Amino acid sequence: MPARQSDASSKTAKAMSVADYIIDRLAAEGIEHCFGVAGDYVFPICNAVDSSPKVKWIGCANELNAAYAADGYARIRGAAMLVTTYGVGELSAINGVMGAKAERSLIFHIVGMPSYQNQRVHKIAHHTLGDGVFGNFVALSADAACCHAVINPENCVVEMERLIAEAHRNNQPAYIAVPSDYALSPVVSADVKPIVPRSNETALKKAMAAIAERINKAKSVVAIPAATVSRLGLQKQAQKAIEALGCPFVTTLMEKCSIDEGHPQFAGMYAGAVSEPNTRQIVEGADVVLDLGGVNLNDITTAAYSDHLDLSRFITVGLDDVRIGDEVIANVRLADVLSELAKFKRSSAPYRGKPQGLAPVNGDPSDKMTMAALYPRYAAFLRAGDTVVLETGSSSLGMTPTILPDGVRVEAQVLWGSIGWATPAALGIALADPSRRTILITGEGSHQLTANDIGAMGRFGANVIVFVLNNSGYLVERALEENPNWTYNDLAPWNYAELPKALGCTDWFTARVTTLGELDEAMKSARASKSGAYIEIMAGKMDMPPALAFAHGQLQAMYGATP
Numbered sequence: 001m002p003a004r005q006s007d008a009s010s011k012t013a014k015a016m017s018v019a020d021y022i023i024d025r026l027a028a029e030g031i032e033h034c035f036g037v038a039g040d041y042v043f044p045i046c047n048a049v050d051s052s053p054k055v056k057w058i059g060c061a062n063e064l065n066a067a068y069a070a071d072g073y074a075r076i077r078g079a080a081m082l083v084t085t086y087g088v089g090e091l092s093a094i095n096g097v098m099g100a101k102a103e104r105s106l107i108f109h110i111v112g113m114p115s116y117q118n119q120r121v122h123k124i125a126h127h128t129l130g131d132g133v134f135g136n137f138v139a140l141s142a143d144a145a146c147c148h149a150v151i152n153p154e155n156c157v158v159e160m161e162r163l164i165a166e167a168h169r170n171n172q173p174a175y176i177a178v179p180s181d182y183a184l185s186p187v188v189s190a191d192v193k194p195i196v197p198r199s200n201e202t203a204l205k206k207a208m209a210a211i212a213e214r215i216n217k218a219k220s221v222v223a224i225p226a227a228t229v230s231r232l233g234l235q236k237q238a239q240k241a242i243e244a245l246g247c248p249f250v251t252t253l254m255e256k257c258s259i260d261e262g263h264p265q266f267a268g269m270y271a272g273a274v275s276e277p278n279t280r281q282i283v284e285g286a287d288v289v290l291d292l293g294g295v296n297l298n299d300i301t302t303a304a305y306s307d308h309l310d311l312s313r314f315i316t317v318g319l320d321d322v323r324i325g326d327e328v329i330a331n332v333r334l335a336d337v338l339s340e341l342a343k344f345k346r347s348s349a350p351y352r353g354k355p356q357g358l359a360p361v362n363g364d365p366s367d368k369m370t371m372a373a374l375y376p377r378y379a380a381f382l383r384a385g386d387t388v389v390l391e392t393g394s395s396s397l398g399m400t401p402t403i404l405p406d407g408v409r410v411e412a413q414v415l416w417g418s419i420g421w422a423t424p425a426a427l428g429i430a431l432a433d434p435s436r437r438t439i440l441i442t443g444e445g446s447h448q449l450t451a452n453d454i455g456a457m458g459r460f461g462a463n464v465i466v467f468v469l470n471n472s473g474y475l476v477e478r479a480l481e482e483n484p485n486w487t488y489n490d491l492a493p494w495n496y497a498e499l500p501k502a503l504g505c506t507d508w509f510t511a512r513v514t515t516l517g518e519l520d521e522a523m524k525s526a527r528a529s530k531s532g533a534y535i536e537i538m539a540g541k542m543d544m545p546p547a548l549a550f551a552h553g554q555l556q557a558m559y560g561a562t563p
């Protein structure tokens, strides 16, 4: 997202405190909400947010939830703001921030530190190890980011531009630590211009010549628009490039719906042995696999490493380089390569095909819930303008074979896979773009970790439709062991459908359903609701979607040993 002009750059910086400058500068990146949990060391930052006419404070139930929500927000807006206090706060958030790093989601993590005056004389302070050392948590949190700085009045302006540029270059988090006394001090002005990452023209020409040579020699080409295409807001550019090439394209679960699945060149979702046969043949039989953005071929996206991909056939266009065989051409930006590919002229007719997808909606209204009947209903429920947030496990794996309507966006944390991510992420996603309806599909095991921010959805008007699958425990964990009956995969039985009311969402539609007919009626009511909706779906303990059942049979391949 292009930066707006900030007050920080249009006024003399001396008129602003460090805290005000940081918030105003990040607001210029298109960030209108700040997720976090207040604490005494970070009060100056919180006050700057509350005083800003450009940014709204979104208080979350805990720092981990706030990090997850910021991750979701960043996937839609291109960047997000997370505020936590020193030590106890930032370390509670670190899992969520590290997940954003793994999944290429840009979060500016601002941490309020003890005052420099106290640090300088090594005073013993709360939220520390009691040793007068103050840099140890900075080192930990910095590892969850691609860049970091401890801000003071003298370096604030220069360091903020460096951090913003580096975070955008990598599309990963930046860590910004601010001692509490420095946060209140006036910024020292500096003559600095925003840094915009650009391709080296010579390198770009070299890369495009090499790509063209490989593609022109190939009899068959397939493209994979990676998740970073969506993270950077480059979906339209990627689609134009693929249309110019005329080749089929596929996605993996990480980038599902990055380009509409109704597109005539869409050849299906690739997931190793659980792919449709034609999809698998197109990908594994291609002379060239054009990887746009750096697809992540992990144990989930390849269905327990069941792929037969020849990586020597890959052309990988990363965020900042192009890799063809053993050659790496650096300083080439993904957006520029997509623009050049859109000018490509290929003589062969464009690919036309239609993947099969799931069976249509089936079952009688009186039938008990099954996964075979549930996932086609999820797919049929979605419509253009929806953003569906899929939790790690059966919720996301069950959606693997679905063909979703044009205009639907899908977000999931496939690589990092931290259960509980999806509920707060749905909060961030809903606030990032209220014009779209956000649909959360989760299971009760994951939901128990982070359900308290259903309350934040009601408080801040995030009208999410929530589906919670209640199958009496951690189904994905049961599937990933030979013995599914260990007691540690059991859960406390909650009355999930009563959670919204308990958490303050008194005007939400809620339902608990056990039959297909009850679900169909609840879905109609949820869609019609002007506020949020929450549907608890009762299902069998070991009823799992096909992709998860396949994983159960591939434990040796996934882990190298059977759990």
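Per full-length UniProt numbering: the sequence shown ends with 563, consecutive numbering throughout.
Ideal placement from N, C-alpha and C gives every residue a C-beta, glycine not left out.
Keep in mind the model is a prediction, meaning the values are calculated, not measured.
Practice task
Please name the residue, chosen from Y41, D71, G132, that lies closest to S418 on a Cα-to-Cα basis.
Solution key: Position 418 of the sequence shown, counting from 1, holds the residue named residue 418. Nearest C-alpha to S418 among Y41, D71, G132: D71.
Handout entry: For N471, the nearest candidate out of Y496, E481, F460 (CA to CA)
Key = Position 471 of the sequence shown, counting from 1, holds the residue named residue 471. When only C-alpha atoms are compared, the closest one is Y496.
Practice task
Name the two residues that bound the continuous beta strand (DSSP E) containing I224.
Solution key: As a first step, residue 224 is located in the sequence shown; it is residue number 224 there, counting from the start. I224 -> beta strand (DSSP E) spans 221-225.
Problem - Range of the contiguous alpha helix (DSSP H) that encloses H447 - result: The residue labelled residue 447 in the question sits at position 447 within the sequence shown. It spans 444-450 - the alpha helix (DSSP H) in which H447 sits, taken as one unbroken run.
Handout entry: Euclidean distance between Cα positions of P546 and G398
Key = Taking the first residue of the sequence shown as position 1, residue 546 is located at position 546. Taking the first residue of the sequence shown as position 1, residue 398 is located at position 398. Each residue's alpha carbon lies about 7 Å from the other.
Problem - L548, DSSP secondary structure in three states - result: Along the sequence shown, read from residue 1 onward, the residue named residue 548 stands at position 548. It is helical.
Practice task
Ignore the nearest five residues each way along the sequence and tell me which others in G246's own chain have a CB closer than 8 Å to its CB.
Solution key: Translated into positions along the sequence shown, residue 246 becomes position 246. Within the same chain, G246 has close Cβ partners Q265, R346, S348, A349, P350, Y351.
Handout entry: Three-way DSSP call (helix, strand, coil) for T487 in this model
Key = Counting from 1 along the sequence shown, the entry for residue 487 is found at position 487. Helix, per DSSP.
Exercise for the section: With DSSP collapsed to three states, give me the class of N136. Expected result: Residue numbering aside, residue 136 sits at position 136 when the sequence shown is read from its first letter. For N136, the secondary structure class from DSSP, reduced to helix, strand or coil, is helix.
Exercise for the section: Please report how far the alpha carbon of R512 lies from the alpha carbon of L106, in whole angstroms. Expected result: Along the sequence shown, read from residue 1 onward, the residue named residue 512 stands at position 512. Along the sequence shown, read from residue 1 onward, the residue named residue 106 stands at position 106. The C-alpha of R512 lies about 37 Å from the C-alpha of L106.
Problem - Inter-residue spacing [alpha-carbon to alpha-carbon] between N409 and A432 - result: The count along the sequence shown starts at 1 and reaches residue 409 at position 409. The count along the sequence shown starts at 1 and reaches residue 432 at position 432. For the record, residue 409 in the displayed sequence is Arg; it is not Asn. Between R409 and A432, the C-alpha separation is close to 13 Å.
Practice task
Mind the definition here: the stretch 120-127 touches the stretch 65-81 only if three or more C-beta pairs lie below 8 Å; say whether that holds.
Solution key: Result no; under three Cβ-Cβ pairs closer than 8 Å.
Exercise for the section: Check E481 in the structure and name its three-state DSSP category. Expected result: Within the sequence shown, numbered from 1, the residue matching residue 481 stands at position 481. Coil.
Exercise for the section: Could you name the residues of the same chain whose beta carbon sits closer than 6 Å to that of I465, not counting the 5 residues immediately before and after it, in chain order? Expected result: Taking the sequence shown and counting its residues from 1, one reaches residue 465 at position 465. Around I465: I439, A526, A533.
Handout entry: Cutoff 8 Å; reference Q235; Cβ partners in own chain excluding five residues on either side
Key = For the purposes of this step, residue 235 is taken as residue 235 along the sequence shown, with counting starting at 1. Around Q235: P225, V229, S258, I259.
Exercise for the section: Please classify R383: does DSSP put it in a helix, a strand, or coil? Expected result: By 1-based counting over the sequence shown, the position of residue 383 is 383. Residue state, collapsed to three classes: coil.
Practice task
Would you mind stating whether A304 and M558 have Cβ atoms separated by less than 8 Å?
Solution key: For the purposes of this step, residue 304 is taken as the residue at position 304 of the sequence shown. For the purposes of this step, residue 558 is taken as the residue at position 558 of the sequence shown. Contact: yes.
Exercise for the section: Measure the beta-carbon distance from D320 to V332 and round it to whole angstroms, keeping in mind my assumption that it falls under 8 Å. Expected result: By 1-based counting over the sequence shown, the position of residue 320 is 320. By 1-based counting over the sequence shown, the position of residue 332 is 332. Going by Cβ atoms, the distance from D320 to V332 rounds to 7 Å, so yes, they are a contact pair.
Exercise for the section: Whole angstroms is fine: what's the gap from A190's alpha carbon to L415's? Expected result: For the purposes of this step, residue 190 is taken as residue 190 along the sequence shown, with counting starting at 1. For the purposes of this step, residue 415 is taken as residue 415 along the sequence shown, with counting starting at 1. If I take the Cα positions, the gap works out to 40 Å.
Problem - Counted within 10 angstroms of its Cβ, other Cβ atoms place W421 as buried (16 or more) or exposed - result: Residue numbering aside, residue 421 sits at position 421 when the sequence shown is read from its first letter. Under this definition W421 is a buried residue.
Problem - 6 Å Cβ shell around P179 - same chain, five flanking residues per side excluded - result: Position 179 of the sequence shown, counting from 1, holds the residue named residue 179. Here P179 has M113, S115, Y116 as same chain residues with Cβ atoms under 6 Å from its own Cβ, once five neighbours each way along the sequence are excluded.
Practice task
Return the residue from the list K101, I429, G455 that minimises the CA-CA distance to residue 568.
Solution key: The shown model of the chain, from 1 to 563, leaves out residue 568, and the question about it has no answer.
Practice task
Would you check if the distance between the CB atom of D291 and the CB atom of S220 is smaller than 8 Å?
Solution key: Within the sequence shown, numbered from 1, the residue matching residue 291 stands at position 291. Within the sequence shown, numbered from 1, the residue matching residue 220 stands at position 220. The answer is no: Cβ separation not under 8 Å.
Problem - Exposure label - P53; buried when at least 16 CB within 10 Å - result: As a position in the sequence shown, residue 53 is number 53, starting the count at 1. Looking at its Cβ environment, which holds fewer than 16 other Cβ atoms inside 10 Å, P53 is exposed.
Handout entry: Proximity below 8 Å, CB of A425 to CB of D406
Key = Reading the sequence shown from its first residue, position 425 is the one you call residue 425. Reading the sequence shown from its first residue, position 406 is the one you call residue 406. Cβ distance not < 8 Å, so A425 and D406 don't count as in contact.
Practice task
List in chain order: all unbroken alpha helix (DSSP H) runs of 4+ residues lying wholly within the stretch 400-437.
Solution key: 422-432
Practice task
Enumerate in chain order the residues of its own chain whose CB-to-CB distance from T302 is below 6 Å, with the five nearest sequence positions on each side excluded.
Solution key: Within the sequence shown, the letter at position 302 stands for residue 302. So the qualifying residues of the chain are G272.
Exercise for the section: Would you identify the three-state DSSP class for A19, choosing helix, strand or coil? Expected result: As a first step, residue 19 is located in the sequence shown; it is residue number 19 there, counting from the start. Note: A19 maps to helix in three-state DSSP.
Practice task
Let me know the alpha helix (DSSP H) ranges lying completely inside the stretch 511-542, each 4 residues or longer, listed in chain order.
Solution key: The qualifying runs are 516-528.
Practice task
Report yes if the C-beta distance between Y175 and I151 is below 8 Å; otherwise report no.
Solution key: Indexing the sequence shown from 1 puts residue 175 at position 175. Indexing the sequence shown from 1 puts residue 151 at position 151. It is not a contact, given that the beta carbons lie outside the stated cut-off.
Handout entry: Exposed unless 16 or more other CB atoms sit within 10 angstroms - verdict on V55
Key = Numbered from 1 along the sequence shown, position 55 holds the residue referred to as residue 55. Label assigned to V55: buried.
Exercise for the section: Determine the direct distance from the alpha carbon of K501 to that of W508, and round the result to whole angstroms. Expected result: Start at 1 with the first residue of the sequence shown, and residue 508 comes out as number 508. Start at 1 with the first residue of the sequence shown, and residue 501 comes out as number 501. So the alpha carbons of these two residues sit roughly 8 Å apart.
Handout entry: Residues bridged to N470 (per DSSP)
Key = As a working mapping, residue 470 is identified with position 470 in the sequence shown. In DSSP, N470 forms a bridge with M538.
Exercise for the section: Give every residue of the same chain whose Cβ lies closer than 8 Å to the Cβ of A218, excluding the five residues on either side of it in the sequence, and list them in chain order. Expected result: Indexing the sequence shown from 1 puts residue 218 at position 218. Within the same chain, A218 has close Cβ partners A286, D287, V288.
Exercise for the section: Mark A539 as exposed unless 16 or more other C-beta atoms lie within 10 angstroms of its C-beta, in which case mark it buried. Expected result: For the purposes of this step, residue 539 is taken as residue 539 along the sequence shown, with counting starting at 1. Flag for A539 reads buried.
Exercise for the section: Could you have a look at H33 and say whether DSSP puts it in helix, strand or coil? Expected result: Here residue 33 corresponds to residue number 33 of the sequence shown, with the count starting at 1. Looking at H33 - three-state DSSP - the assignment turns out to be strand.
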